[in-house]
Each structure stands twice: as structure tokens, then as C-alpha cells.
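Colleague: If you read the protein sequences in the order shown, they are chains A and B. Under the numbering used here, residue 330 is the last one in the first sequence; the count climbs by one each step, no gaps. Under the numbering used here, residue 330 is the last one in the second sequence; the count climbs by one each step, no gaps.
Number of protein chains: 2
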Amino acid sequence: PRLSVEAVEEGGFLAPRFNADGLIPVVTTDASSGEVLMMGMMNAEALLRTIETGEAHYWSRSRQCLWHKGATSGLIQKVVQIRVDDDQDAIWLRVQVEGSASCHVGYRSCFYRSIPVGPFGDAPIPLSFEEAAKIFDPVAVYRDAPNPTQL
Amino acid sequence: PRLSVEAVEEGGFLAPRFNADGLIPVVTTDASSGEVLMMGMMNAEALLRTIETGEAHYWSRSRQCLWHKGATSGLIQKVVQIRVDDDQDAIWLRVQVEGSASCHVGYRSCFYRSIPVGPFGDAPIPLSFEEAAKIFDPVAVYRDAPNPTQL
């Protein structure tokens, strides 16, 4: 129950705010390195399953279903800590990853490319790869599962 | 131009995907500690300003305007690195914060409370405070600016 700003910001009970689609954004970091592994969404059921089981569950927007991360790939995320932000409309999961990779492309983190700072005018903005190599071969792991990236 | 999944995931140029509202989610971490400070949103202009100036800009959903973080509070976020995720629909900012706090409630991180793992049945889920004290007094810093938390 989100009865007051004070209760939401300073209170000692969970009162999450889901968006118009019933979802709350989640950032997941490696509990050891602090690296951001991925950003995803949870619906109420995914959040509750994560709290109850200690394994990360998300809502898959591409597949429109509850998503127990690692069910296909084996890359289960064990929850070390769950945090909620000031207005309780975002979740931070600190996890330990089985297999040490989180990204469906095969990298450790989904954020394997950086954007340089600087003026580019109308030129395309280049990206730099920050991981030297993939951790696993996505074709071998996911076989013929559809790619979740949407254009 | 998001012409193919391969170009988006494996390509060397920025091709961000904004949602139906023209926004892309952003997670901001302390570049030294790895701690997640906040989650926010950027529109195309906020992303470009961040890239060009090296200071974090967001889109404020509560105020519906471009938001140069720290313009009111002085808590400017200097960009150490910008990263983009595999399908280019999320941004990770690694920053150094002037004044070492990011949260409008006064804490270092917006994620100052944790959610325990475990079954709670129908009972309220308790939160634990992870920061011992506020870094600053929000009333002194923001004066009569409206609180951004929405119920």
C-alpha cells in the first residue's frame, strides 16, 4: 500500500510501483565485481518468485512469459542481495552467476560495448568492445531458440 | 539505423532503441565502488548531451523536462564511461559524483534498502536499511522543490 511519500521513501515495508504494463525495471550486477550484467523487467509474480526462491526471475517481453533466468542456458543467477530504490519503482539484484556469463550474445555482461564521450556532430557514434572474447557460443547453448533482440 | 540483429548486437556503431515514449532506461553506478546509485530514463536529447558534455543528463518523468543531474543540488555526475547493452535498449553510466550522494532523499544511493530472501506468505515484506545515515539534508538542498516520488 503506497499511502504516502514518507511511507514509500522512509518506510520499512515493500510497496513496489509497477508501470502501466504491470512491470518494474531491474538492474542486475555481479555481486563480486560490481559489474552491471543486464537490465530487465519483472512483473509482480517474477519479483515474488525471486524473493521466495533466491534465484532471479524476470518477465520476458520478447516471449511474453515468466522467465526463470538460466532455465535454457544453465546460467542461473543466485541472489546475493535484493534492493529497492527510494520511490520503490526499480529493483537492484546483486547475483552470483553460474557459468559466469549473463548475455545471450555470449558475453559476460550485456553491456560489452562502450560509447566514447565527445562531440560527433552528424557522424555515426562509434562503439568500443570492452570484453576481449565471448564466454560461450550462443548457437551451441540456445540452439534454435529465437533471438530476443527486437529491431 | 537498426537494420539487422547482427548490426545491433555485434556492430561498432550506436543505434539506440527508444521505447514508445521515446525513452531509454539508464542505470548509473559509482565508477569507484561499483554501487548502483540510481535508475533513470533518457530521451534522445539527454543521451546526446551526456555523450557530448561528459555530465549525466536524464529525462525527468515527474517534471517532464530535460534534467541535468545536479543542476539544483550540486550533485553533478561526471561520466567515467558510458556503455550500451546488446540490443541497445539500455544504457549504463559509470560516474563520479560531486558530493558523493545521488539520491533526492539524502542517501548516497537511491537503493538504500534491501529486501530479504525468503517466503513471507501473505505477510508484509520487510525492508532493511543498508546505509547508516543520510549524506545530506534534502530540505536544506532542495528547499521547496516538489518531491519527485509518485504514489
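All residues carry an ideal CB built from backbone N, CA and C; glycine is no exception. Since we're looking at a predicted model, the values are computed, not measured.
Quick one: which unbroken alpha helix (DSSP H) runs of 4-plus residues sit fully inside the segment 214–254 of chain A? Chain order, please.
Modeller: 223–232
Colleague: Whole-angstrom Cβ separation of residue 263 (chain A) and residue 273 (chain A), contact assumed at under 8 Å?
Modeller: For the purposes of this step, residue 263 (chain A) is taken as the residue at position 84 of the first sequence. For the purposes of this step, residue 273 (chain A) is taken as the residue at position 94 of the first sequence. Their Cβ separation, rounded to whole angstroms, is 12 Å, which puts residue 263 (chain A) and residue 273 (chain A) out of contact at 8 Å.
Colleague: Does the segment 276–290 of chain A come within contact of the segment 197–204 of chain A, defined as at least 3 CB pairs closer than 8 Å?
Modeller: no
Colleague: Out of curiosity, what's the CA-to-CA distance linking residue 314 (chain A) and residue 285 (chain A)?
Modeller: Within the first sequence, numbered from 1, the residue matching residue 314 (chain A) stands at position 135. Within the first sequence, numbered from 1, the residue matching residue 285 (chain A) stands at position 106. Within the model, the alpha-carbon separation for residue 314 (chain A) versus residue 285 (chain A) is close to 6 Å.
Colleague: Would you say the segment 227–243 of chain A touches the segment 290–301 of chain B, given that touching needs at least three Cβ pairs under 8 Å?
Modeller: yes
Colleague: Compute the distance between the beta-carbons of residue 269 (chain B) and residue 220 (chain A), then report whether it is under 8 Å.
Modeller: Start at 1 with the first residue of the second sequence, and residue 269 (chain B) comes out as number 90. Start at 1 with the first residue of the first sequence, and residue 220 (chain A) comes out as number 41. No; because the gap between Cβ atoms is not below 8 Å, this pair is not in contact.
Colleague: Please give the ranges of any beta strand (DSSP E) in the segment 273–307 of chain B, keeping only runs that are unbroken, at least 3 residues long and fully inside the region.
Modeller: 292–294
Colleague: Give every residue of the same chain whose Cβ lies closer than 6 Å to the Cβ of residue 289 (chain B), excluding the five residues on either side of it in the sequence, and list them in chain order.
Modeller: Counted from its first residue, the second sequence places residue 289 (chain B) at position 110. Answer for residue 289 (chain B): 217, 282, listed in chain order.
Colleague: Which residue marks the beginning of the beta strand (DSSP E) containing residue 149 (chain B), and which one marks its end?
Modeller: Only positions 180 to 330 of chain B appear in the structure, and residue 149 (chain B) is not among them; the question remains open.
Colleague: What does a CB cutoff of less than 6 Å around residue 265 (chain B) pick up in its chain, not counting 5 residues either side in sequence?
Modeller: Here residue 265 (chain B) corresponds to residue number 86 of the second sequence, with the count starting at 1. Take residue 265 (chain B), set aside five residues on each side of it, and the residues of its chain with a beta-carbon closer than 6 Å to its own are 188, in chain order.
Colleague: Identify the continuous beta strand (DSSP E) that holds residue 256 (chain A) and give its terminal residues.
Modeller: Position 77 of the first sequence, counting from 1, holds the residue named residue 256 (chain A). From DSSP, the beta strand (DSSP E) with residue 256 (chain A) extends over 256–263.
Colleague: Can you find a CB in chain B that lies within less than 8 Å of the CB of residue 204 (chain A)?
Modeller: For this step, residue 204 (chain A) is matched to residue 25 along the first sequence. Chain B, which has a Cβ nearer than 8 Å to the Cβ of residue 204 (chain A), makes this yes.
Colleague: Can you list, in chain order, the residues of the segment 219–231 of chain B whose Cβ is nearer than 7 Å to any Cβ on chain A?
Modeller: 230, 231
Colleague: Check whether the Cβ of residue 320 (chain B) lies closer than 8 Å to any Cβ atom in chain A.
Modeller: In the second sequence, residue 320 (chain B) corresponds to position 141, counting from 1. No, its Cβ sits nowhere closer than 8 Å to a Cβ of chain A.
Colleague: From residue 225 (chain A) to residue 196 (chain B), what does the alpha carbon distance come to, in whole angstroms?
Modeller: The count along the first sequence starts at 1 and reaches residue 225 (chain A) at position 46. The count along the second sequence starts at 1 and reaches residue 196 (chain B) at position 17. Each residue's Cα considered, the two are about 24 Å apart.
Colleague: Using a Cβ-Cβ cut-off of less than 8 Å, list which residues of the segment 184–195 of chain B approach chain A; keep chain order.
Modeller: 184, 187, 188, 189, 190, 191, 192, 193
Colleague: If you draw a straight line from the alpha carbon of residue 239 (chain B) to that of residue 291 (chain B), how long is it in whole angstroms?
Modeller: Along the second sequence, one-based indexing puts residue 239 (chain B) at 60. Along the second sequence, one-based indexing puts residue 291 (chain B) at 112. Going by the C-alpha atoms only, they are around 21 Å apart.
Colleague: Whole angstroms is fine: what's the gap from residue 300 (chain A)'s alpha carbon to residue 255 (chain B)'s?
Modeller: Counted from its first residue, the first sequence places residue 300 (chain A) at position 121. Counted from its first residue, the second sequence places residue 255 (chain B) at position 76. Each residue's Cα considered, the two are about 24 Å apart.
Colleague: State yes or no: is the C-beta of residue 193 (chain B) within less than 8 Å of the C-beta of residue 330 (chain A)?
Modeller: On the second sequence, position 14 is the one that residue 193 (chain B) refers to. On the first sequence, position 151 is the one that residue 330 (chain A) refers to. No. Outside cutoff.
Colleague: At the 8 Å Cβ level, is residue 264 (chain B) part of the contact set with chain A, yes or no?
Modeller: As a first step, residue 264 (chain B) is located in the second sequence; it is residue number 85 there, counting from the start. Yes, because at least one Cβ of chain A sits closer than 8 Å to the Cβ of residue 264 (chain B).
Colleague: Do residue 235 (chain A) and residue 207 (chain A) come within 8 Å of each other at the CB atom, strictly closer than that value?
Modeller: For the purposes of this step, residue 207 (chain A) is taken as residue 28 along the first sequence, with counting starting at 1. For the purposes of this step, residue 235 (chain A) is taken as residue 56 along the first sequence, with counting starting at 1. Going by C-beta atoms, residue 207 (chain A) is nearer than 8 Å to residue 235 (chain A).
Colleague: Taking residue 323 (chain B) as the reference, give the member of B:244, B:252, B:308, B:180 with the closest Cα.
Modeller: Reading the second sequence from its first residue, position 144 is the one you call residue 323 (chain B). Residue B:252 is the option with its Cα nearest to residue 323 (chain B).
Colleague: Quick one: is residue 243 (chain B) buried, meaning 16 or more other Cβ sit within 10 Å of its Cβ, or exposed?
Modeller: The residue labelled residue 243 (chain B) in the question sits at position 64 within the second sequence. With fewer than 16 Cβ atoms within 10 Å of its Cβ, residue 243 (chain B) is classed as exposed.
Colleague: Below 7 Å on C-beta distance, what does residue 271 (chain A) contact in chain B?
Modeller: Start at 1 with the first residue of the first sequence, and residue 271 (chain A) comes out as number 92. Residues of chain B passing the Cβ test: 215, 290.
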